[in-house]
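Protein chains in written order, with this note's numbering: chain A, 1 to 590; chain B, 1001 to 1576.
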């Protein structure tokens, strides 16, 4: 079954990470399994030696006792040493394996098209992948524990067989039957937990409302703390009650099976006592068999649990495996990539785009062209598709119809790396990176930051207040020590500077003036214009709702519900008296 | 005293039956090994004396004990998980309740935020502390019952056991302390590591990471931080495991010594074989009890720390608020000065004096950082004023009032994952007509009609069934919330920041209509909002340089004029 590919993949990965650790780990568990039976054996020998003492030659017996006691001590010492040794190796091993898988997941994430990332379906799936990632090493631990349990079952069985032949077959059947039945019972709270996500998420959400200041400040303003507190209480109770019902049922089945398995130690005990009276086996052996019986009992129980745990972990590992290997990949290399060094022309023909699972198109039959040297603006109501268009140009969305060509080359024939080198975006939900100031601005060339250029770009963006208060090596953001909290306007300036510092062919700014005051708005427009003229050829694309500033653009595209309704320069659009004109006039100071 | 009261409440919430069952099971778990040892002794003596009925009886008792322990175990599984969940829940609720009671400004200071996050780490620890204390109590008789026979047969064993006990406690406490200190040291690095990972896991941040091509750089940083954390914690783990190993070696050799001694005694006839068997077993039980004692002490130590953190947060003094007002007619701000607790030297507001009356719309204008958001936060009583006062209706200090309802639309308005109806009603009394009116006035009736369950549709990303709506639609829903909850004060902090001009124009008209008899405070950078304001509050660097109508300010205030001029310049397109 191909569904076992994931197991072999992970086993290979774990083995490859640190062979010594894996061997030592397994050896340690096997030793652990053997040690319990061996210690029972040696203890029995000591008791036997004492009880069988017939009064003659005490030294012989004493030496016997010392030898047995010492062997016992050696076994325990050996096992202890192995345990500590393997623990150290195991930690290193876990770390290595987990790091490599996590990094792989991150790399994979960065390749998935953005429109898939934004879907709820993907996010739900990914949340489960994320939660179960830590079970990777558990898989090996469970297998090792399984091996230990096998030893824990085999050794006592051998000893029991020596006691009485006929006991072997029924014991073996009982053991196999019980393990099979146990593995079917859903014991783990963990799997319950996974399937209980809705209620648990509801509870987490309601409690989270109190933990996040942004949400809580609105609740406080409206004076509704009590109302939301009650909601949190109710959802907590719901979650508890739901989880516990299922567990209670499973535990009853579990207890019943355990009672049935109890027959094994009972049988062994009775046979041992019987043999004592018949064949005069030593007293110590009787005690030993009582102990062995109990240890078989607990080993059988644990085996059932382990089998079931391995099954569950295997399911979650499959999810991680599927994520790494089967998710949609942007860089499906079909080898037909062409290079674009410098953007002369962007042509869009009949572009139509639907968001995943949506029946209404976000963009409908858009056709436009942008040439080198253009200062372009996209305007339109919220939801008209402006940001979507920009994201398609950036290669973040792949699943569109129609054609987008840069310099005549189809967008799909340009690699993601290449696109990265020509476009410099400043998003509406821009990043507020908790890095150093110069890293936050110089993100595009983070390995070779030019301080002078950073200062120049910040100056151009009216960021002198930032430079006066903070040096370039200041840690931004309040997450880490010595971090400074910047105002929204300052963060915005840094975001725009970031795009300008990148000094790429096409600069895209999505609502850069949203939270800026009037003075900063003017400075930003000046900066955009300056930046546009600075390096030729350049294309600057601006999306804005502040109609006054976009007059300077030589190409204004007006979108309405995903359709391009008007285009041209400012005067032309005003004269049309259409959408643009209405929006422009709405913002005039009356 | 408070602590005892809280423990009592926690236990009550968990349920007295559950608590008693937990305690009873803990008792039995620690008694069983002892009983097992005595069983072995009597079995041995009965076998040696060939007393079949006694042997049979003992085997029977043994079987019964096995059955009881299985049943108890299964019962315990049921009860234990539920108790733990309930205790966690109770602690979370306590934290939430306290959060409501404390003023917002407590959470703005770094000390406050730290205290709160520390308290969060103490969730569930109180019940765990109780259980561990019970375990320790149970262990005392077990220890005594197992040690006394041992000591009676070998007096020197007493010292040995005491030595082992002391070694255990002392070294384990050292280990625990070491690990705790290390984890505190690593907090910052852990946060860094989680931050780097979150840059990938937060998909809206990820797109910018991709566009600037810094995935590799980020992963390197993530790797470096992880390695550092691992190295340090690994060192500590090795050290502590060596310490525990040495304890185990010592205890093992002492067991060896004792066993050999006892066996020699048995051979020399000083003690009977059955007693020999008993003592051999009792030594293991005693050592087991000592180790359990050690583990329980460590757990108790950690739990105590957690409970202490939580209690220090829960014990923070709340402000007693007294008084409330029926309606707000006027807000008087008198010589208000304020600076943030984290930056006491930078004065954000300087001697602001304003008189706001109901029935007026006030527009707050000013450059970024002029103090607009700060003034809003003070009006929301998120902070306490440093100097001066904010008086409601002329005589009530705003910080002394209990619950002024403010209709607040925040700048980055949060999206609440509830049904549309709940989002709008927001906990107030339900009135169908008012709801319909609110939806209509906010312009979302079409949106509601298009949803599958109309106003009972769940919104937001928190749940599977939740639907997402666009940013503009969320803002309209927030606006409907304001309309429905007719509050005397309406504060809108940049409500149209991401709205297109037409939606913005509609919103401004609605604001004027719906709240004409309330105090409206509007913060905006869009100068077209001047049109709906009765009076403009013009802030410059924390001071009010102008408080009058637009026309008056245009003629009297120079900086106001230049600001308007900039707007003109932008419109003309000539300034750049």
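Backbone N, C-alpha and C fix where the C-beta goes; we use that ideal spot for every residue, glycine too.
- Within chain B, the residues whose beta carbon sits less than 7 angstroms from that of residue 213 of chain A are 1107, listed in sequence order.
- Taken atom to atom, the span from the alpha-carbon of residue 1359 of chain B to that of residue 1332 of chain B is near 15 angstroms.
- Annotation for residue 347 of chain A: no alpha helix (DSSP H) segment contains it, though the beta strand (DSSP E) segment containing it runs 345–354.
- Under the DSSP assignment, residue 1125 of chain B falls in the alpha helix (DSSP H) whose first and last residues are 1125–1153.
- For residue 558 of chain A against residue 380 of chain A, the beta-carbon gap comes to about 6 angstroms, under 8 angstroms, which counts as contact.
- Around residue 119 of chain A, the same chain offers 356, 357 as residues with beta carbons nearer than 7 angstroms, after the five sequence neighbours per side are excluded.
- Excluding sequence positions up to five before and after residue 364 of chain A, its CB lies within less than 7 angstroms of the CB of 352, 562, 563, all in the same chain and listed in chain order.
- Taking 8 angstroms as the threshold, the shortest C-beta distance from residue 1204 of chain B to chain A falls below it.
- Below 8 angstroms, enough C-beta pairs join the segment 1272–1285 of chain B and the segment 1033–1043 of chain B to call them touching: three or more.
- Within 7 angstroms of the CB of residue 1463 of chain B, the CB atoms of chain A belong to 198, 201, 202, in sequence order along the chain.
- Taking a C-beta cut-off of 9 angstroms against chain A, the contacting residues of the segment 1227–1249 of chain B are 1227, 1230, 1233, 1234, 1237, 1238, 1241, 1242, 1244, 1245, 1248, 1249, listed in chain order.
- Boundaries for residue 156 of chain A: no beta strand (DSSP E) harbours it, while the alpha helix (DSSP H) harbouring it runs 135–163, taken from the DSSP string.
- Nearest in C-alpha terms to residue 198 of chain A, of all of A:235, A:396, A:108, is A:235.
- In chain A, no part has a C-beta under 8 angstroms from the C-beta of residue 1320 of chain B; the shortest such distance is about 16 angstroms.
- Contacts with chain A at 8 angstroms (Cβ-Cβ) do not include residue 1138 of chain B.
- If you look at residue 1388 of chain B, you'll find it in the beta strand (DSSP E) that goes 1387–1392.
- Between the C-alpha atoms of residue 444 of chain A and residue 130 of chain A there is a straight-line separation of about 29 angstroms.
- Taken through DSSP and simplified to helix, strand or coil, residue 1535 of chain B comes out as strand.
- Here the segment 1092–1101 of chain B does not lie against the segment 1296–1308 of chain B, with fewer than 3 beta-carbon pairs under 8 angstroms apart.
- Under a 10 Å Cβ-count criterion, residue 1160 of chain B is classified as buried, with 16 or more other Cβ atoms of the shown protein chains found around its own Cβ.
- Under the three-state reduction of DSSP, residue 281 of chain A is assigned to coil, being neither helix nor strand.
- Every unbroken stretch of the beta strand (DSSP E) spanning 3 or more residues and falling wholly within the segment 455–523 of chain A is given here in chain order: 506–510.
- Look at the beta carbons and you see the segment 278–296 of chain A touching the segment 251–269 of chain A: at least three pairs across the two are nearer than 8 angstroms.
- Beta-bridge annotation (DSSP): residue 378 of chain A is paired with A:543, A:557.
- With the criterion set as a beta carbon lying under 9 angstroms from some beta carbon of chain A, the members of the segment 1359–1377 of chain B are 1365, 1366, 1367, 1368, 1369, 1370, 1373, 1377, in sequence order.
- Contacts between residue 425 of chain A and chain B, judged by CB atoms closer than 8 angstroms, involve 1208, 1211 in chain order.
- Chain A places a beta carbon closer than 8 angstroms to that of residue 1082 of chain B, counting this residue as a contact.
- Annotation: the continuous beta strand (DSSP E) that includes residue 1409 of chain B extends over 1406–1409.
- Residues 1327, 1328, 1518 of the same chain have their beta carbon placed closer than 6 angstroms to that of residue 1488 of chain B, with the five preceding and five following residues left out of the count.
- Distances from the alpha-carbon of residue 1253 of chain B to those of B:1164, B:1530, B:1220 put B:1164 closest.
- Residue environment: residue 23 of chain A is assigned as exposed (fewer than 16 neighbouring CB atoms within 10 Å of its CB, all protein chains considered).
- Measuring C-alpha to C-alpha distances from residue 1125 of chain B to each of B:1007, B:1145, B:1188, B:1567 identifies B:1007 as the nearest.
- Of the residues A:97, A:41, A:418, the one whose Cα lies closest to the Cα of residue 9 of chain A is A:97.
- One finds 99, 103 in chain A with Cβ atoms closer than 9 angstroms to the Cβ of residue 1223 of chain B, taken in chain order.
- Around residue 79 of chain A, no beta-carbon contact reaches into chain B at under 8 angstroms, the shortest distance being about 10 angstroms.
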